Amino acid sequence: MAKPGKAAAMAQLHSAARLSRTALAARLLSHGFYAGQDQIMIALDREDGQTPGQLAIKLGVRPPTVTKTINRLQTQGYVEKRASETDARQANVFLTEEGRGAIRAIEKAVRKTEKQALKGLDKKEQKALVKLLGRIEANLSNGAIVAEDHEEADDADE
């Protein structure tokens, strides 16, 4: 069982993440985007023509989730799928002109949410926060799932 300080830290982390996603989702919805669509649009803005599988890997989500989101974005006119020139089994996803125009609205929504979330933190605090969150992310993304008895042993050592 986690110590009270660790439990409080994790609860704060979960709460902050949930609230930031909710605030961003509300801003995106005002532009006609649903949660998750922004990530695909931004990834395509950085590197157009990716496959759904490539997008899923980059975004850390399952391929069916990406496919559903791409289909919705395609229906909205923001992306189009084209057959791969090198592999007939693959399709590549590209931003449309309308999709390119929408990128600025997505970036603005992200900036406003960042500004709201970081209000009252000076540059030094923001830098420290980014560093700490990076360490937490690295700890959690190593892919290893530790058995509960190992976690309890680690907690006992501290």
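Position 134, counted from 1, in the sequence shown is what the UniProt record's numbering calls 134; the numbers after and before it change by one each time, with no gaps. Ideal Cβ placement from N, Cα and C applies to all residues, glycine included. Bear in mind the structure is a predicted one, so any value in this text is a computation, not a measurement.
Sub-8 angstroms separation of residue i and residue j beta-carbons
i	j	result
L28	D38	yes
V66	L44	no
L24	V110	yes
F33	I103	no
R21	A35	yes
L68	Q74	At residue 68 the sequence reads Lys, which differs from the Leu that was named. Cβ distance not < 8 angstroms, so K68 and Q74 don't count as in contact.
Cβ-based burial, residue i [other Cβ within 10 Å; buried from 16]
i	result
N92	buried
T113	buried
M41	buried
I57	exposed
L13	exposed
Paired residues, beta bridge with residue i - DSSP
i	result
R89	Paired residue(s): none; R89 is not in a bridge.
R82	N92
Close Cβ partners of residue i (< 8 angstroms) along its chain, the five nearest in sequence each way excluded
i	result
T51	S84, Q90, A91, N92 and V93
I136	L13
Residue i: first and last residue of the uninterrupted alpha helix (DSSP H) it sits in
i	result
residue 161	In this structure the chain extends from 1 to 158, so residue 161 is not present and cannot be described.
D38	Q37 to R46
N142	Run containing N142: none; DSSP gives neither H nor E here.
T65	P63 to Q76
Q50	Taken as a continuous stretch (DSSP letters only), Q50 belongs to no alpha helix (DSSP H), as it is neither H nor E.
Contacting residues, own chain, Cβ-Cβ under 6 angstroms from residue i (five flanking each side not counted)
i	result
L118	Q126
D157	Residue placement at D157 is poorly supported in this model, since its pLDDT is 47, which falls under 50; the coordinates still yield a value, given next. If we look at D157 and ignore the five residues flanking it on each side, it has no Cβ neighbours.
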